[in-house]
Amino acid sequence: MWQGVARFARNRMALFGAAVLGCLLLLVVLTPVIYPDNPFKLAGPALQPPGGRFLLGTDTLGRDVAAEIAYGARTSLLIGVGATLAAIVFGAVIGGIAGYYRGRTETVLMRVTEFFQTIPAFIFALLIVAILSPSVSSEIIAIAAVSWPSIARLVRGEFVALGGREFVQACAGLGASDARIILNHMLPNCASSIIAVGSLLIGTAILLEAGLAFLGLGDPNVMSWGLIISAGRAVLRSAWWICTFPGIAILLTVLGINLIGDGLNEALNPRLRER
Amino acid sequence: MNETVLELEKLTIALPPGADRANAVSDVDLALRAGKVTCLIGESGSGKSLVARSILGLLPRPHVRVGSGRILFEGQDLAVAPQEKMRAIRGAKIGMIFQEPMTALNPLHTIGRQLDEVLRIHTSLGKAARRTRVLELIDGVHLPEPGRIIRSFPHQLSGGQRQRAMIAMALLLNPRLLIADEPTTALDVTTQAQILYLIRELQREHGTSVLFITHDFGVVDDIADEVAVLQRGTLVERGTAGAVLGAPTHPYTKALIAAVPKLVPPTARPPNMQPIIIEAREITKTYGTRGLFGGRVTLALAGVNMELRRGETLGLVGESGSGKSTLARAITRLLPIDSGQILLGGTDIARLPRHRLRPIRKRVQMVFQDPYASLDPRQRVIDIIAEGPIIHGTPAFRAREEALALLGLVGLDASAAKRFPHEFSGGQRQRIGIARALALHPEVLVADEPVSALDVSVQAQVLALLADIKARLQLSMLFVTHDLRVALQVCDRIAVMKQGEVIEVAPTAEIFFNPQHSYTKALFAAVPGGTWQDRKAS
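Chains as they are written, first to last, in our numbering: chain A, 60 to 334; chain B, 23 to 560.
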């Protein structure tokens, strides 16, 4: 464990990613203190450029862009992490069952998984939100629904490889139940792969969320980065700051999370480094 | 005195900081002479393979590199030769054979194309001349139908045939030196004997100098002119094969030779009259898929009968693919069988559903071959050993107490309990595997090649442990092995398997003095170093 932490810490890009994510988390925690008001509340004159009374300016309705971004960070992280967790649980169950029991079960489950993979992710997510009506929970469901197949395929592959290993057979030879073999022996042995891939999924989920919100399918009562950009796109040429700052926030967050994901991947799967 | 082809002068190979020692090998002096086979022998981790790689300039740089010393070949120092120069030497002047020919050959190209490529790179021969040369070499390594072989892909040949093709490839350009890194370790004994014979024959014909790397003293005896013994990176003994094998001077060499399982007449044991504890009747098992388009089906067990009496050790001997491991796994019900009966204490367990198998599991336990793969890397040793009893309802604290006692029984310190498997050596891990099997107090212990992945000195210790435990706990044991020498040492009776059938079963002494089946005789004849050990025994 500590070796893994040390390996992670040696990777400068991953440390940068961790620093970015750390700042973001700090922002989320401090938001109620810095901006105690509702971000939807009008704070001043419309379309104020950044640098004056408002650090990042105001939007078309006179709302503080900085406050909007701070509250949007909370939404992005909530949906990114929530959707990824849901995708991991669902994907691991499907992939785990397929990879452990093999045979016909595997064929059916993996064909279903592939079916989901053939649908363009973003369009499918749009469809689900449109059906469920826009809200934070339906966004989480939609993003999880398009993210789980990659986890399912990963877990299935790991389980197939582990199933042939002698320690799993030895455990079956002791008389262990399927649940015991899966939960105590197989899942812990592919946890590092799941963590590494899952951390990358968070980045994708945040992007998807921003995309949904941009198209007006985010929760209308919750501030989010996609929503700010959507509102500012009409005045992009005259009030550049409205779209630019949430854009930068998205860029930094996704980049940071991806760097952490790569770092985790290398730290937890040392064999990858032997190149 | 033959001329020296290659000379190692105080060769030191440095390991990266943090490795278990500073240098993989230090101050190795070795001269390889034309027309001689020099065996470099050592246990795993002795650095023997790195010596071979350093000669070819194939060390995994930059982590591992030649620290000091010289590698003199045709008047130049290979340790400092630039890569372009090494490329001209590799293949052309120094040939190499690897342990696993399947991974050394490109699976997507035919054998002929791969051999042809060597000639294309290193010579200016025309197409027809290259083809003639390739066919000549294929014929020279005694592969049947050279015309067909050169059109074959690696997977279409058997392991022995692939190794022959590799040898042909290595000898294409008449190298002055041939480096063979454990070339027969992955092969069956009968194939191994043939390949050793072939290397010897070709080497005499061409006057090639051979550096042969191995861990097996039997192989050394079959092939070596000169022997160098490597112990943890230090050359401890060097001399002619006769001198080193006949009268070793260094204690390490002596210990190594003493640990080699001997092909010696087993002591006659009284026949076992106890009741039969486990019995297989006409069991069959096929592997493969019967898909929409036919698919391939292999018969792994073709109606096998065997019986094991209480307190007896039955050896299952055979080459790879003979079905011996399948039989072991079938009897422990780790593999379903197609037909037949498995009687444990008189009741058929072959068809029991999984939930009714649990009490059976307690009575039949297995020790696996690979001590690196058979322990869960994420579990602590104490939990590995205690898991069985916990599954069967023993309270966790009691199971842990018993596990601690078992650690002592298999010769491990109590401090091992809190550690993870990767902190142990192969032999220690195998002890943990044995403790896990014993934790359930089984009546039958099935050991599937329990020592074949271990160094000889460790092998002897683990075999002694198994024999001791078997006697103390009055276990019955089914012992699967490919090594007749080991089987002779530990078994009361031996069953010889070939192509999914038991072709001969007899008490050990009988099988040794009077093998009936021609295949059993062939197995005995192929044991590496058989004659040498006969001499020593008499």
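Yeah, the Cβ is synthetic: ideal placement off N, Cα and C, and Gly gets one too.
Query, Result
"Segment contact, 8 Å Cβ cut-off, at least three pairs: the region 259-275 of chain B with the region 228-238 of chain B", "no"
"Contacts of Leu259 of chain A in chain B (Cβ-Cβ under 8 Å)", "Under the 8 Å cutoff, chain B gives no residues; its nearest Cβ is about 23 Å from Leu259 of chain A."
"Buried/exposed call for Glu259 of chain B, threshold 16 Cβ in 10 Å", "buried"
"Cβ shell of Leu37 of chain B (< 8 Å), same chain only, five flanking positions each side left out", "Arg43, Ala44, Asn45, Ala46, His85 and Val86"
"Beta-bridge pairing of Ile119 of chain B - partner residues as DSSP gives them", "B:Ala202"
"Stretch-stretch touch, CB-based, cutoff 8 Å, three pairs: the region 295-311 of chain A with the region 123-136 of chain A", "yes"
"Residues of its chain near Gly327 of chain A, where Cβ-Cβ distance is below 7 Å and the 5 sequence neighbours each way are ignored", "Gly is not the amino acid found at residue 327 of chain A; the sequence shown has Leu there. Excluding positions up to five away in sequence, the list reads Gly63, Ser251, Ile254 and Ala255."
"Boundaries of the alpha helix (DSSP H) in which Val251 of chain B is found, first to last residue", "Looking at the DSSP string, Val251 of chain B is not in any alpha helix (DSSP H); the run it does join, the beta strand (DSSP E), is Glu248 to Gln253."
"Interface flag, Asp10 of chain B vs chain A, CB-CB below 8 Å", "Since the first residue shown for chain B is 23 and the last is 560, residue 10 of chain B is missing from the structure and cannot be characterised."
"Closer than 8 Å to chain A by CB, Met499 of chain B", "no"
"Within chain B, partners of Gln228 of chain A - CB distance below 7 Å", "Leu356"
"The beta strand (DSSP E) enclosing Gly526 of chain B, as first and last residue numbers", "Reading off the sequence shown, one finds Glu at residue 526 of chain B, where the question assumed Gly. Glu523 to Pro529 is the extent of the beta strand (DSSP E) around Glu526 of chain B."
"Cβ neighbour criterion (16 or more within 10 Å) applied to Pro122 of chain A", "A small fix is needed here, since residue 122 of chain A is Arg in this sequence, not Pro. Buried: at least 16 other Cβ atoms inside 10 Å."
"Leu106 of chain A versus A:Arg112, A:Thr119, A:Ile156 and A:Leu233, residue with shortest Cα-Cα distance", "A:Thr119"
"Arg112 of chain A versus Leu323 of chain A: straight-line alpha-carbon distance, rounded", "41 Å"
"Cβ pair Phe175 of chain B, Thr132 of chain B closer than 8 Å", "yes"
"Distance CB(Ser68 of chain B)-CB(Gln253 of chain B) smaller than 8 Å", "yes"
"Cut-off 6 Å between Cβ atoms - residues of its own chain near Ser479 of chain B, not counting five sequence neighbours on either side", "Ala281"
"DSSP state of Asn45 of chain B mapped onto helix, strand, coil", "strand"
"The ligand GDP heavy atom lying under 7 Å from the CB of Val88 of chain A", "Because no ligand of any kind appears in the structure shown, any question about the ligand GDP cannot be addressed here."
"Contact with chain A by Leu321 of chain B, beta-carbon distance below 8 Å", "no"
"Secondary structure of Ile172 of chain B, DSSP reduced to three states", "coil"
"Distance, Ile153 of chain A Cα to Val92 of chain A Cα", "43 Å"
"Contact check, Met388 of chain B vs Ala229 of chain A, beta carbons under 8 Å", "yes"
"Given 8 Å, three or more beta-carbon pairs between the region 292-299 of chain A and the region 205-217 of chain A", "no"
"Beta-carbon spacing of Pro393 of chain B, Arg451 of chain B below 8 Å", "yes"
"Partner residues on chain B for Gly63 of chain A, Cβ-Cβ distance less than 8 Å", "Correct list: empty, because the minimum Cβ distance to chain B is about 13 Å."
"Contact set for Asn128 of chain B: own chain, Cβ-Cβ below 7 Å, skip 5 residues either direction", "Gln136"
"Residue(s) in a DSSP beta bridge with Val50 of chain B", "B:Leu33"
"Ile359 of chain B - DSSP class collapsed to helix/strand/coil", "coil"
"Residue nearest to Glu268 of chain A in terms of C-alpha spacing, selected from A:Gly131, A:Asn97 and A:Ala126", "A:Gly131"
"Proximal residues, the region 158-178 of chain A versus chain B, C-beta separation under 7 Å", "none"
"Spatial neighbours of Ser560 of chain B in its chain, beta-carbon cut-off 6 Å, leaving aside the 5 residues before and after", "Its pLDDT being 40, under 50, Ser560 of chain B is placed unreliably by the model, and the measurement read from it follows with that caveat. The answer is none, since no qualifying residue turns up."
"Whether Trp299 of chain A touches Val124 of chain A by CB criterion (8 Å)", "no"
"Simplified DSSP state of Asp123 of chain A, which is helix, strand or coil", "strand"
"Identified DSSP bridge partners for Cys61 of chain B", "B:Phe234 and B:Val249"
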